[in-house]
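There are 2 protein chains.
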Amino acid sequence: MAAYPDPGAARRLFLQDLAVGDRFVSGTHALDAAQIKAFAFQFDPQPFHTDEEAAHGSFFGGLAASGWHTAALTMKLLVESGIPLANGIIGSGGELQWPQPTRPGDVLRVESEVTGIVPSRSKPGRAMVSMHCRTLNQRGEVLQDFRPKLVVHARPA
Amino acid sequence: MAAYPDPGAARRLFLQDLAVGDRFVSGTHALDAAQIKAFAFQFDPQPFHTDEEAAHGSFFGGLAASGWHTAALTMKLLVESGIPLANGIIGSGGELQWPQPTRPGDVLRVESEVTGIVPSRSKPGRAMVSMHCRTLNQRGEVLQDFRPKLVVHARPA
Chain W
31 MAAYPDPGAA RRLFLQDLAV GDRFVSGTHA LDAAQIKAFA FQFDPQPFHT DEEAAHGSFF
91 GGLAASGWHT AALTMKLLVE SGIPLANGII GSGGELQWPQ PTRPGDVLRV ESEVTGIVPS
151 RSKPGRAMVS MHCRTLNQRG EVLQDFRPKL VVHARPA
Chain R
31 MAAYPDPGAA RRLFLQDLAV GDRFVSGTHA LDAAQIKAFA FQFDPQPFHT DEEAAHGSFF
91 GGLAASGWHT AALTMKLLVE SGIPLANGII GSGGELQWPQ PTRPGDVLRV ESEVTGIVPS
151 RSKPGRAMVS MHCRTLNQRG EVLQDFRPKL VVHARPA
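If you read the sequences in order, they're chains W and R.
Per the working numbering, residue 31 is the first one in the first sequence, and the count goes up by one each step.
Per the working numbering, residue 31 is the first one in the second sequence, and the count goes up by one each step.
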């Protein structure tokens, strides 16, 4: 098992460098109400994401980030500092859960683990790598749980 | 089965108004390269999402939208015109797939279907409603396949 708590890491890992159990920890992103509202106005314009007062009386009991904002920030952290894959982070999807809302003041980080590696039968030099990526706030509460499958290339000969 | 191809629909449906098999069709969103790059610079800054030339030699063979951009635009369409739920679209997550990349010039729409309704045992007047939401382009190609569970409230007495 290897740990790569290196926020400035360039993309550099190939398939040969990965093993089940490898773990990665991203840098952090501090979220505030202004960011939450700006994203929501553009992509998820519902009152509990755009207006503190309306949010207070809603299901969420206060301003909450769109789940898709949490997801987009998770991707930002993964790309910038989360999983240093040489060919980039290329996912086909996966099971996505938001166990609790992301709130203004939350400081997000992403902890990722390799959970499976399945070499492609049709494309030599490629594999589908299963990951478990958890997005946490500064109190260690899980804001998002995502289990993507990534396309990872082998190091060129 | 009811169909609601009404892009201007206000949110108005409660739990009592939904049945398995109900279908909804959203309005459309036209995507271009500038939008793709702007989202990517903010949330998914990888060359195949930010630069045509770099994208040409990449896995994608040309500029492709971040999957999270497709997801965010899907949510925009659902909120604005896709599923007119009285209490808003509140999801806890679900299985998310991107069968093919979203490209500049794609015109997105979302077709949704109610696939299950499970009343809450602990919270009377609420149910978890399973949906199948497919994001299509103008050629009917599936860009995203999402199976969310939504919290839906009953009409107040």
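For every residue, glycine included, the Cβ atom is placed at its ideal position computed from N, Cα and C.
None of the values given here were measured: they were computed from a predicted structure.
Quick one, are the C-beta atoms of W:Pro-178 and W:Gly-121 less than 8 Å apart? Locating residue 178 of chain W in the first sequence gives position 148, counting from the first residue. Locating residue 121 of chain W in the first sequence gives position 91, counting from the first residue. Going by C-beta atoms, W:Pro-178 is nearer than 8 Å to W:Gly-121.
Three-state secondary structure assigned by DSSP to W:Ile-66: Residue 66 of chain W sits at position 36 when you count from the first residue of the first sequence. Helix, per DSSP.
The ligand MG and W:Thr-58: does the residue's C-beta get closer than 7 Å to at least one heavy atom of that ligand? Looking at this structure, you won't find the ligand MG or any other ligand, since it has none at all.
Within 10 Å of its beta-carbon, does R:Ser-152 have 16 or more other beta-carbons around it, so buried, or fewer, so exposed? Your numbering for residue 152 of chain R matches position 122 in the second sequence. Answer is exposed; the Cβ neighbour count stays below 16.
Let me confirm a value: W:Asp-62 is counted as buried when at least 16 other C-beta atoms fall within 10 Å, else exposed. Which label applies? The residue given as residue 62 of chain W occupies position 32 in the first sequence. Exposed is the call here.
Any idea what DSSP makes of W:Ile-178, helix, strand or coil? For the purposes of this step, residue 178 of chain W is taken as residue 148 along the first sequence, with counting starting at 1. Going by the sequence as given, residue 178 of chain W is Pro instead of Ile. Residue state, collapsed to three classes: strand.
Which residues of the region 90–101 of chain R have a Cβ closer than 9 Å to any Cβ of chain W? Give them in chain order. Phe-90, Ser-96, Gly-97, Trp-98, His-99 and Ala-101
Taking all protein chains shown into account, do 16 or more other C-beta atoms lie within 10 angstroms of the C-beta of W:Gly-123, making it buried, or fewer, making it exposed? As a working note, residue 123 of chain W is residue 93 in the first sequence. W:Gly-123 is buried by the Cβ-count criterion.
Tell me, which residues are paired with W:Thr-58 by DSSP? Here the question's residue 58 of chain W lines up with position 28 in the first sequence. In DSSP, W:Thr-58 forms a bridge with W:Arg-139.
Using a cut-off of 9 Å between C-beta atoms, extract the partners of R:Leu-103 located in chain W. One-based indexing of the second sequence puts residue 103 of chain R at position 73. What R:Leu-103 touches in chain W: Phe-73.
Around the Cβ of R:Ala-64, are there at least 16 other Cβ atoms within 10 angstroms (buried) or fewer (exposed)? Your numbering for residue 64 of chain R matches position 34 in the second sequence. Exposed is the call here.
Provide the residue span of the alpha helix (DSSP H) that contains R:Gly-97, from first to last. Sequence index remark: in the second sequence, residue 97 of chain R carries index 67 (1-based). Taken as a continuous stretch (DSSP letters only), the alpha helix (DSSP H) holding R:Gly-97 covers 97–107.
Taking Cβ positions only, does R:Glu-125 come closer than 8 Å to chain W? The sequence position of residue 125 of chain R within the second sequence is 95, counting from 1. By this cut-off, R:Glu-125 is an interface position.
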